[in-house]
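Asker: Structure below; questions to follow.
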Amino acid sequence: MTTTVLDPRIARFPFPFRDDSYRYSTNVEPARRFTPTEAGGWGDRVLDIDDEYRDELAQRAAILRRDPSRCTVLPHMRAAAWDTLLTLLRELAATHPQQMTLERDGARYRWRNQLLGTDQEFTYGGDASLPGGPLGFAGQQVQEDIVLLDQREGSLWADAGLVTFAADWSLGFDVGMRFLEVHGPVPRIHEERVITRAEQFLMRLQPGEEFRRTNWTMTVDRRLDASTETYPEWGRDRRLVVDDDRLPDRLHLRVEVQHLIRLAESGAVLFLIRTYLASLTELARIPGWRRRLGSVLAELPQDMTDYKGLTRYRDAAAHWLTEGWRYAP
Amino acid sequence: MSVDLSPTAVQAREAGLLLQVADAEPAAPGIRTLRLRSPDGAPLPSFPPGSHIVVDCGTRRNAYSLTGPGREPEFYSVSVLLRPDGDGGSDFLHRVRVGDLLGVSRPRSAFVPVATARRHLYVAGGIGITPLLSHVRAATEWGRPFELLYAHRPGAGAHTAELRELCGERLREFPGRAEFQRALEDAVRSQPLGTHLYVCGPAGLLDFVHAAAGRAGWPQERVHAERFSAALDPGEPFTASLAGTGARIPVPAGVSLLEALERAGTAVPHMCRQGVCGECRLRVVRGRPLHRDLYLSPEERAAGDAVMACVSRSHDEELELDL
Ligand code: FES
Chain A
1 MTTTVLDPRI ARFPFPFRDD SYRYSTNVEP ARRFTPTEAG GWGDRVLDID DEYRDELAQR
61 AAILRRDPSR CTVLPHMRAA AWDTLLTLLR ELAATHPQQM TLERDGARYR WRNQLLGTDQ
121 EFTYGGDASL PGGPLGFAGQ QVQEDIVLLD QREGSLWADA GLVTFAADWS LGFDVGMRFL
181 EVHGPVPRIH EERVITRAEQ FLMRLQPGEE FRRTNWTMTV DRRLDASTET YPEWGRDRRL
241 VVDDDRLPDR LHLRVEVQHL IRLAESGAVL FLIRTYLASL TELARIPGWR RRLGSVLAEL
301 PQDMTDYKGL TRYRDAAAHW LTEGWRYAP
Chain B
330 MSVDLSPTAV QAREAGLLLQ VADAEPAAPG IRTLRLRSPD GAPLPSFPPG SHIVVDCGTR
390 RNAYSLTGPG REPEFYSVSV LLRPDGDGGS DFLHRVRVGD LLGVSRPRSA FVPVATARRH
450 LYVAGGIGIT PLLSHVRAAT EWGRPFELLY AHRPGAGAHT AELRELCGER LREFPGRAEF
510 QRALEDAVRS QPLGTHLYVC GPAGLLDFVH AAAGRAGWPQ ERVHAERFSA ALDPGEPFTA
570 SLAGTGARIP VPAGVSLLEA LERAGTAVPH MCRQGVCGEC RLRVVRGRPL HRDLYLSPEE
630 RAAGDAVMAC VSRSHDEELE LDL
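Just so you know, the protein sequences line up as chains A and B, in that order.
For reference, each letter of the first sequence is one residue, going 1 to 329 in the numbering used here.
For reference, each letter of the second sequence is one residue, going 330 to 652 in the numbering used here.
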């Protein structure tokens with residue numbers, strides 16, 4: 001038994017691998033289930049506020065100032081955007097009753113969040129009564145990225161969202177697209193079926209039902225904004241990191257915990273994406289994680305490696321996790 | 330206060346809500362409006378326009394549209410038409426008293442407005458007005474253009490005062506069939522492109538509306554009729570036999586194969602419990618599985634040698650599993 005106190009980032013890190021190899025699957029499960037890991041556990045709540053709260057919200061605000069299109073609401077999604085705000089604030093208040101409250105008086109609401117020093121009144125449906133409108137304001141209170149799916153004509157459409165921490169995609173390009181198309185060209189026929197199945201499942205969700213899944217990729221440095229628009233800023237790091245001695249500190253496993261919630265009042269599907277980053281060095285402190293990520297990367301078929309953008313550094317990372325870590329200073 | 334302890338009531342309570350009758354008023358001849366609230370006064374789950382709840386009515390479970398506001402409501406309101414020749418559910422609800430507790434499902438939605446519609450044309454006959462009330466309320470709140478045609482016998486309309494206040498000019502009431510049919514024929518011919526039509530009422534009215542919309546060239550996707558979507562039905566009981574141990578495990582109606590196995594001490598890996606993730610797949614040795622999942626491909630289903638334990642059941646009385 002070690003007595004070292006684990007960084008809470010690692011203790012609550014949603015290590016996603018259930019096996020020594022990884023394939024796509026429709027890995028949905030009911031939300032709010034605590035999932036123990038070798039380092040601790042995660043998943044007992046829908047919205048997760050952690051030590052990075054203020055920092056990540058500040059990053060989001062800066063990104064939105066540079067590029068307001070990261071928050072987009074097509075006109076028919078207004079009711080869904082308000083539904084999202086109310087759902088998220090209620091959830092925050094229920095999770096942190098000491099620090100956050102939402103009071104209602106008819107259509108008037110008052111939101112207080114002591115962690116941020118927020119005290120805000122608003123009128124439900126009055127977009128001008130809130131800084132940033134309903135979705136923009138929601139993004140000032142939660143660390144999660146938000147996508148809203150409208151259901152019609154037997155499909156789901158990504159018609160609104162606030163996404164500042166995307167991994168190699170972009171809300172600006174995808175807004176108004178079918179859920180199936182948002183996923184772009186996927187390398188395997190099997191993955192097609194996985195997504196079709198996920199869509200059918202989502203379309204059957206009843207009001208208030210909540211599920212979740214995890215997804216993963218890798219990112220160089222603690223860069224949350226790895227969206228398509230900013231590719232010129234981060235794209236070459238994928239190549240340069242391979243010969244960098246600091247590779248284990250710079251290369252991060254990027255895990256998304258995605259919640260899928262049928263909004264109760266509007267009937268839209270709320271898709272929340274929370275991004276967690278842990279470097280190889282951090283992960284290697286947990287022996288089971290080090291071994292498992294090493295095998296997953298070493299075994300990952302080439303087409304999936306390319307699709308996830310890991311081609312340049314996959315071998316270097318797998319090698320460090322299986323061998324190299326022993327010689328780390 | 331009477332508490333119903335029939336097995337269905339207990340089931341409904343576990344899966345849903347236990348609500349108290351706060352008041353009960355006659356709404357129109359033969360129609361009783363019940364307002365249900367949480368016994369502790371907490372707000373009830375929100376719901377989209379057109380939702381219904383399944384109410385435990387003694388030995389029956391009936392679906393009723395929610396007619397009140399959908400945002401964090403203090404009450405659920407349902408209007409129950411007494412059907413003397415029905416199965417007794419409406420009769421039961423016409424006799425419950427203020428203070429009684431009822432087992433009620435969470436709201437279920439199968440009749441939502443289409444958010445991208447340019448305009449909404451609502452058509453109701455008789456008690457069929459109930460799911461459209463919440464549509465009209467939402468359309469008013471969000472400024473969506475709409476009109477409502479309501480056919481009911483003179484003096485027999487439900488919620489007419491409320492509707493007149495909400496809709497003003499946008500409501501047209503028809504006491505006679507001929508006038509209603511003429512108005513509808515006109516309405517389906519004069520709507521702007523991009524209008525969606527929503528109809529609820531007796532079968533004859535539904536047929537007429539579908540036919541009229543068809544004649545006027547409406548694509549089917551723009552005509553929506555209310556139909557209650559049954560929850561996954563409880564299914565027939567069967568027996569699961571385990572090839573490895575020879576154990577025989579009864580799977581009663583309303584209990585999934587996965588649950589029955591778990592209760593009998595046989596753990597099966599699972600994630601979603603909804604038939605989509607693929608984790609709970611079991612190999613079938615003998616017997617014909619009754620597939621209800623979204624996971625297996627048509628070919629895998631046809632092969633008949635696999636079953637998703639969380640949702641699927643058995644055609645035969647016995648299903649032998651490779652466990
Ligand atoms: S548990 Fe997911 S398919 Fe059965």
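Glycine included, every Cβ here is placed at the ideal spot set by N, Cα and C.
(1) When DSSP labels each residue in this structure, what does residue 557(B) get in the three-state scheme?
(2) Using a Cβ-Cβ distance under 9 Å, would residue 624(B) count as near chain A?
(3) Following a CB-centred definition, is residue 620(B) positioned closer than 8 Å to any heavy atom of the ligand FES?
(4) Output needed for residue 559(B): all residues of its chain with C-beta closer than 8 Å, excluding positions within five of it in sequence on either side, in chain order.
(5) When you compare the CB of residue 559(B) with every CB in chain A, is at least one pair closer than 9 Å?
(6) Just to make sure I have the definition right: I need the residues of chain A whose C-beta is within less than 7 Å of the C-beta of residue 664(B). Which are they?
(7) Exposed or buried, what is residue 126(A) when buried is set at 16 or more other beta-carbons lying within 10 Å of its beta-carbon?
(8) Please find out if some non-hydrogen atom of the ligand FES comes closer than 8 Å to the beta-carbon of residue 600(B).
(9) Between residue 308(A) and residue 492(B), what straight-line distance do the alpha-carbon atoms span, to the nearest angstrom?
(10) Which full runs of the alpha helix (DSSP H) of 4+ residues lie inside the region 71-124 of chain A, going along the chain?
(11) Compare the C-beta of residue 3(A) with all C-beta atoms of chain B and state if any pair is closer than 9 Å.
(12) Would you check if the distance between the CB atom of residue 547(B) and the CB atom of residue 517(B) is smaller than 9 Å?
(13) Taking C-beta pairs closer than 8 Å, name the residues in chain B that residue 79(A) reaches, listed in chain order.
(14) Quick one: grab the DSSP three-state call for residue 169(A).
(15) Using 10 angstroms around the beta-carbon of residue 2(A), count the other beta-carbons present and answer buried if the total reaches 16, otherwise exposed.
(16) Under a Cβ-count criterion, where at least 16 other Cβ atoms within 10 Å of its own Cβ denotes burial, should residue 21(A) be classed as buried or exposed?
(17) Kindly list, in the order they appear in chain A, the residues whose Cβ is closer than 7 Å to that of residue 603(B).
(18) Let's test the definition: count the other Cβ atoms within 10 Å of the Cβ of residue 98(A) and tell me whether it reaches 16, buried, or not, exposed.
(19) Give the secondary structure of residue 150(A) by DSSP, where H, G and I count as helix, E and B as strand, and everything else as coil.
(20) Starting from the beta carbon of residue 600(B), find every residue of chain A whose beta carbon is closer than 8 Å, and list them in chain order.
(21) With 16 as the cutoff for other CB atoms within 10 Å, does residue 176(A) come out buried or exposed?
(22) Look up residue 271(A) in the DSSP assignment and say whether it is helix, strand or coil.
(23) Give a single yes or no on whether residue 605(B) has its beta carbon closer than 8 Å to a heavy atom of the ligand FES.
(24) Taking the C-alpha atoms as reference points, what is the distance between residue 349(B) and residue 407(B)?
(25) Taking 9 Å as the cut-off, decide whether the C-beta atoms of residue 262(A) and residue 209(A) are in contact.
Answerer: With the given structure in hand:
(1) On the second sequence, position 228 is the one that residue 557(B) refers to. Only weak support exists for where residue 557(B) lies, its pLDDT of 48 falling under 50; the value from the coordinates is given anyway. DSSP places residue 557(B) in coil when its eight states are reduced to three.
(2) The sequence position of residue 624(B) within the second sequence is 295, counting from 1. Closer than 9 Å to some Cβ of chain A, the Cβ of residue 624(B) qualifies, so yes.
(3) Here residue 620(B) is taken as the residue at index 291 of the second sequence, counted from 1. The answer is no for residue 620(B).
(4) Here residue 559(B) refers to the residue found at position 230 of the second sequence. Bear in mind that a pLDDT of 42 at residue 559(B), under 50, signals an unreliable position, so the model cannot answer this.
(5) Here residue 559(B) corresponds to residue number 230 of the second sequence, with the count starting at 1. Per-residue confidence for residue 559(B) stands at a pLDDT of 42, beneath the threshold of 50, marking its modelled position as unreliable; the derived number appears in the next sentence. Cβ-Cβ to chain A under 9 Å: no for residue 559(B).
(6) With chain B covering 330 to 652 only, the question about residue 664(B) has no answer from this structure.
(7) Position 126 of the first sequence, counting from 1, holds the residue named residue 126(A). So residue 126(A) counts as exposed.
(8) Residue mapping note: residue 600(B) aligns to position 271 of the second sequence, counting from 1. At least one heavy atom of the ligand FES is nearer than 8 Å to the Cβ of residue 600(B), so yes.
(9) Translated into the one-based positions of the first sequence, residue 308(A) becomes position 308. Translated into the one-based positions of the second sequence, residue 492(B) becomes position 163. Residue 492(B) has its alpha-carbon roughly 55 Å from the corresponding atom of residue 308(A).
(10) 78-95, all fully within the region 71-124 of chain A.
(11) The count along the first sequence starts at 1 and reaches residue 3(A) at position 3. Interpretation of residue 3(A) is limited by its pLDDT of 49, a score under 50 that renders its predicted location unreliable; the figure taken from the coordinates is listed afterwards. For residue 3(A), no CB of chain B lies under 9 Å from its own CB, so it is not counted at the interface with that chain.
(12) One-based indexing of the second sequence puts residue 547(B) at position 218. One-based indexing of the second sequence puts residue 517(B) at position 188. The criterion of a C-beta distance shorter than 9 Å is satisfied by residue 547(B) and residue 517(B).
(13) Taking the first sequence and counting its residues from 1, one reaches residue 79(A) at position 79. Residues of chain B passing the Cβ test: 444, 467 and 471.
(14) Working through the first sequence from its first residue, we reach residue 169(A) at position 169. For residue 169(A), the three-state secondary structure derived from DSSP is coil.
(15) By one-based count along the first sequence, residue 2(A) stands at place 2. A caution first: residue 2(A) carries a pLDDT of 48, below 50, which makes its placement in the model unreliable, though a value can still be read off. The residue in question, residue 2(A), is exposed, as its Cβ has fewer than 16 Cβ neighbours within 10 Å.
(16) Position 21 of the first sequence holds residue 21(A). Flag for residue 21(A) reads exposed.
(17) Numbered from 1 along the second sequence, position 274 holds the residue referred to as residue 603(B). The answer, in chain order, is 201.
(18) By 1-based counting over the first sequence, the position of residue 98(A) is 98. It is exposed - the Cβ of residue 98(A) has fewer than 16 other Cβ atoms within 10 Å.
(19) As a first step, residue 150(A) must be located in the first sequence, where it is residue number 150. The answer is strand: DSSP assigns residue 150(A) an E or B state.
(20) Here the question's residue 600(B) lines up with position 271 in the second sequence. Contact annotation for residue 600(B) against chain A: 27, 28 and 29 [CB-CB distance below 8 Å, chain order].
(21) Locating residue 176(A) in the first sequence gives position 176, where the first residue counts as 1. So residue 176(A) ends up on the exposed side.
(22) Position 271 of the first sequence, counted from the first residue, corresponds to residue 271(A). In this structure, residue 271(A) counts as strand in the three-state DSSP scheme.
(23) Against the second sequence, residue 605(B) aligns to sequence position 276. Flag set: Cβ of residue 605(B) near the ligand FES.
(24) As a position in the second sequence, residue 349(B) is number 20, starting the count at 1. As a position in the second sequence, residue 407(B) is number 78, starting the count at 1. Each residue's Cα considered, the two are about 13 Å apart.
(25) Locating residue 262(A) in the first sequence gives position 262, where the first residue counts as 1. Locating residue 209(A) in the first sequence gives position 209, where the first residue counts as 1. Yes, they are a contact pair.
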